[in-house]
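**Q** Residue numbers (the numbering used here): 81 to 340.
1) Which residues in the same chain as residue 207 place their Cβ atom closer than 8 Å to its Cβ, once the five residues preceding and following it in sequence are excluded?
2) Can you give me the C-alpha to C-alpha distance between residue 415 and residue 333, rounded to a whole angstrom?
3) Can you look up residue 150 in the DSSP assignment and give me helix, strand or coil?
4) Just checking, does the region 269-282 make contact with the region 310-328 on the three C-beta pairs under 8 Å criterion?
5) Report the three-state DSSP secondary structure of residue 213 (helix, strand or coil).
6) Between residue 330 and residue 223, which are expected to be in contact by the criterion C-beta below 8 Å, what is the C-beta distance as a whole number of angstroms?
7) Can you tell me which of the three DSSP states residue 204 falls into?
8) Suppose contacts are defined by Cβ-Cβ distances below 8 Å. Is residue 151 in contact with residue 139 by that definition?
9) Any beta-carbon of chain B closer than 8 Å to the one on residue 281?
10) For residue 267, report the span of its alpha helix (DSSP H) as first-last.
11) Just to confirm the assignment, what range does the beta strand (DSSP E) spanning residue 278 have?
12) Report buried or exposed for residue 158, applying the criterion of at least 16 other Cβ atoms within 10 angstroms of its Cβ.
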């Protein structure tokens, strides 16, 4: 897979790849009953430029009785809880000097009992990106980043999907969709965005900026493919994925496209 790290991807290009690990179960038949530990979900947060772990990020989920946690020196934080399947979770991440983000997902074994890797961008970079669009970040609005993945190959590997049309079907954005260039194109001086693009480039990503708060719905359409979300987003009734936009945060969503 091509690694594409620019602002608002906010995902290591595993695209919130979930790595599940099961502890070996043991039973002590000579003592008291073993107390089962609740399932856990872990996150790792890295700096989007340096790829180094970010310590001291406050990570919260909207689950009753679950306290916020802070990432350690390895950028890692773990929640212990046992939410019911079907529960919609909002996870937020905040640290001074970094632009905060939010992600939503529906609880399943895959989305809770695993580890997700994200990156955070420095706050001053947000101003630079929005300035390139001729605007300033509106503190009363949020932003959205959409990542599209194509069908898995014979080895089960997905690549960023090019040629997809991304449309905001519910919600209002001041700017977007803006389609990102690849990392190599950015390094070559072509700019962050593919200004003339009307579909995703090889980066497979689009952004909406200064978006009104509330629930938005986004469609991702590509010839011969059906696109929907599995995690990092909520299945949408009117689009491929939906999610909540909060003031002063980046919300991001991922879609996976399969052959029809």
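All C-beta atoms in this analysis are idealised placements derived from N, C-alpha and C, irrespective of residue type, glycine included.
**A** According to the structure shown:
1) Correct list, in chain order: 216, 217.
2) Because the chain is modelled from 81 through 340, residue 415 falls outside the range shown and cannot be assessed.
3) Three-state DSSP puts residue 150 in a strand.
4) Pairwise C-beta distances place the region 269-282 out of contact with the region 310-328, as fewer than three of them are shorter than 8 Å.
5) In this structure, residue 213 counts as coil in the three-state DSSP scheme.
6) Beta-carbon to beta-carbon, residue 330 and residue 223 are separated by about 5 Å, close enough to satisfy the 8 Å threshold.
7) Of the three classes helix, strand and coil, the one that applies to residue 204 here is helix, per DSSP.
8) Cβ distance < 8 Å, so residue 151 and residue 139 count as in contact.
9) The structure shown contains no chain B; it is built from a single protein chain.
10) Start and end: 263-267.
11) Run containing residue 278: none; DSSP gives neither H nor E here.
12) Counting Cβ neighbours within 10 Å, residue 158 comes out exposed, since fewer than 16 surround it.
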